[in-house]
Amino acid sequence: MKVGAFKFPIYVKNIHKGKHGSDSGVYDANGRFVPEKFEEIFKKHAHTRPDALTGKELNELLQANREPNDLKGRVGGFTEWKVLYSLCKDKEGFLHKETVRAVYDGSLFVKLEQERKQAKESAKKK
34 MKVGAFKFPI
44 YVKNIHKGKH
54 GSDSGVYDAN
64 GRFVPEKFEE
74 IFKKHAHTRP
84 DALTGKELNE
94 LLQANREPND
104 LKGRVGGFTE
114 WKVLYSLCKD
124 KEGFLHKETV
134 RAVYDGSLFV
144 KLEQERKQAK
154 ESAKKK
């Protein structure tokens, strides 16, 4: 029996519905992107390189965003960022600023799907 792939659709137009505590504040309560908050992530936490986060720096970001008594928000933030880091870090362990921005504008998911299709096609040719 073949099990189908898990589908986890993300609709950027509905992003405000996913707002939770202990987040970065990059989206406001109405789902609008707040550029200052986005830039703040890298100004405060990207110590090794100004345009990328290491795993350690990501942990620092998560720690700094924690709100007291907000287990749900902490778990949500942790899951979102750790999945992103796991999927998108480069070979040196850096999560690049443009990759994070692509999450917020929705273009990352299209890019990942294109890369997946190209890899699948390349594998068929071998």
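Residue 143 in my numbering is what sits at position 110 of the sequence shown, and the numbering runs on without skipping anything. Beta carbons: idealized from backbone N, C-alpha and C, even for Gly. Nothing here was measured: the structure is a model prediction, and the numbers come from that model.
Check                                                                                                             : Outcome
Where His78 sits in the DSSP three-state scheme                                                                   : helix
Inter-residue CB distance, Gly109 and Asn98 (contact presumed, cutoff 8 Å)                                        : No, Gly109 and Asn98 are not in contact; Cβ-Cβ is about 11 Å, not under 8 Å.
Residue from Lys144, Gly64, Ala79 and Asp84 whose Cα sits closest to the Cα of Glu93                              : Ala79
Inter-stretch contact at 8 Å, needing at least 3 Cβ pairs: the stretch 118-128 / the stretch 73-88                : yes
Close-in-space but distant-in-sequence residues of the same chain around Met34 (CB under 8 Å, 5 per side omitted) : Because the pLDDT at Met34 is just 49, under 50, the model does not fix this residue reliably, and the point stays unresolved.
Whole-Å CB distance - Phe71 paired with Arg134, under 8 Å assumed                                                 : 7 Å
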